[in-house]
Amino acid sequence: MKQKTMQQIIPSNFIDKHKLEDFLSTTNDPSSFKVTRKLDKYHIQYFIVNGKPPRELSWEDVAMLKR
């Protein structure tokens, strides 16, 4: 059962969606997040899967992905 926990909104400038999804899947279960792009922002929805809360994306992670 999935339970929505939170949503993050980050700017999409200079970050590829596939690179973002790959990074998130290394720190989370692939079914514990969903990335959608709306205009110039990515909306990341996080879900609790099997009682395990997902690891959220930090601003340090975003800065690393921009390189």
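Under this note's numbering, residues 9 to 75 are what the sequence shown spells out, in order. Glycine included, every Cβ here is placed at the ideal spot set by N, Cα and C.
* To do: Identify whether Phe22 lies in helix, strand or coil by the three-state DSSP scheme.
  => coil
* Minimum C-alpha distance to Leu73 - residue among Asp30, Asp37, Lys46 and Pro61 -> Asp30
* Asked: From which residue to which residue does the beta strand (DSSP E) around Lys46 run?
  -> Phe41 to Lys46
* Which one or two residues does DSSP pair with Lys49 in a beta bridge? -> Pro19 and Lys46
* Between Asp24 and Asp48, what straight-line distance do the alpha-carbon atoms span, to the nearest angstrom? -> 12 Å
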